[in-house]
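Taking mature numbering (1 follows the signal peptide of the UniProt record, and there is no 0), I'd label the letters of the sequence shown as residues -22 to -1, 1 to 274.
By construction, the Cβ of each residue, glycine as well, lies at the ideal position given by its N, Cα and C atoms.
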Amino acid sequence: MKVKYSYVTGVLLFFAALTAQAQYTETLNSNRPGQSQGAFAVGTGVFQAEVGATLGREAHNLLFTETENWGTEFQLRYGAIREQLEFNFSGSFLYENITPTAGNAEPYSHSGFPIINAGVKYLLYDPYKNYTEKINVYSYHANRAFKWRTLIPAVSIFSGANYVYRNNNPFLPESQAGFSPKVMAITQHNWGRWVWVNNFIYDQFLTDYPTKAWITTMTHSFNPKIAAFAEVQVIISDIYADDLFRFGGAYLITKDLQVDVNALINFKETPRRRQLGLGLSYRLDFHRNDELLPKN
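Structure (structure tokens):
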């Protein structure tokens, strides 16, 4: 899940990070189990693998089909050059077994990688960078008062390229095959134990069927080990449009290892979707702390 500076478990490190002024956190910073990306990078010298397995069912009342599917998904993240910069490689593999519910057609199946993406994320603005909150030693109420700065989000951008293989890809039309661009604006609010992330996505926009999407994710950390999330994803495309709702939680086993569970539902019949997921995030931490060099 997105941690502290990326959306879930690290929410715990929020106050410590205000003084650190860096992307790196002592605790793993995962985007799982939701589908949104947090605004902050993993930190220089950090390589992170986030993988998951899904099991789902679909029913389409216009195509008269019922589908059972299973899949795997992965995201590889690496921080390099600057603390604000992250390189990202992600994709999924999906197998579907489809049963017609009308006529005499036989069940059939197909599988493959629907889409692969590689890109770069860069943090443009952190509202808490170079900011130290002033403590009013004379007024308890002044220190507890609402602070307008909390309404200002961290902002980052993502730019990448998709690849859809040709040769009878069963998941997308032939017009979508090959390379296409993807861009995204990311905002993130950190409110103590709560983190709110928004992704505004424009995908495959040089193809015949571009996709616009919005993902909004709210995460709450109960303690240093356990966090829960709820997420809404709106997809607008001539190929597939939907409103998806996800929810679940994550457990931090060690500072570099996290497990998660999640579920997905939607509210339409073309198709009606239900899905369960299980995931794992693991970090290889080669981050080097900045050193203060003495004058002279």
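Reference residue i, options the options, closest by Cα
i    : options                 : result
I76  : K203, R35 and T3        : R35
P159 : H88, G21 and G138       : G138
T197 : F207, Y218 and N177     : F207
T3   : V24, S14 and Q13        : V24
E28  : T22, Y56 and V175       : Y56
Y106 : L40, Y180, I94 and T128 : T128
S153 : V175, Q182 and N177     : Q182
W174 : S199, V161 and R266     : S199
L40  : A83, P78, L256 and Y86  : P78
Y73  : L184, A31 and N140      : A31
R60  : T43, F42, Q26 and L102  : L102
K99  : W172, D263 and V161     : V161
P202 : G156, G170, F52 and E51 : G170
L184 : F157, P85 and N177      : F157
F52  : N146, T45 and N66       : N66
A83  : T43, A155 and L254      : T43
Q253 : L6, G12 and T5          : G12
E46  : Q62, Y86 and T5         : Y86
Bridge partner(s) assigned by DSSP for residue i
i           : result
H258        : The amino acid at residue 258 is misidentified as His; the sequence shows Leu. L258 pairs with V29 and V237.
I76         : T45 and Y86
residue 303 : Examination of residue 303 is not possible in this model, given that the chain is present from -22 through 274 alone.
D220        : I213
F52         : V29 and G69
E36         : T45 and R251
V161        : S137 and Y180
Whole-number beta carbon distance between residue j and residue i, since they are thought to touch under 8 Å
i    : j    : result
S8   : S259 : 4 Å
P92  : F149 : 4 Å
S70  : G97  : Actually they do not touch by this definition, with Cβ atoms about 15 Å apart.
H265 : G21  : 5 Å
K246 : I214 : 13 Å between Cβ atoms; not a contact.
H38  : T194 : Rounded, the Cβ-Cβ distance is 27 Å, inconsistent with contact.
I94  : Y141 : 5 Å
R10  : A205 : Not confirmed; about 11 Å, so no contact.
Legend entry - the region 240 to 248 / the region 220 to 227 touching (three or more Cβ pairs under 8 Å): yes
Inset, instruction - List in chain order: all unbroken beta strand (DSSP E) runs of 3+ residues lying wholly within the region 222 to 251. - result: 235 to 244
Legend entry - Touching by the beta-carbon criterion (3+ pairs, under 8 Å), the region 9 to 20 and the region 128 to 144: yes
Inset, instruction - Assess, as a yes-or-no matter, whether the region 150 to 167 is touched by the region 227 to 237 under the definition of 3 or more beta carbon pairs within less than 8 Å. - result: Contact fails: fewer than three Cβ-Cβ distances are below 8 Å.
Legend entry - Whole beta strand (DSSP E) elements within the region 168 to 198, 3-residue minimum: 172 to 181
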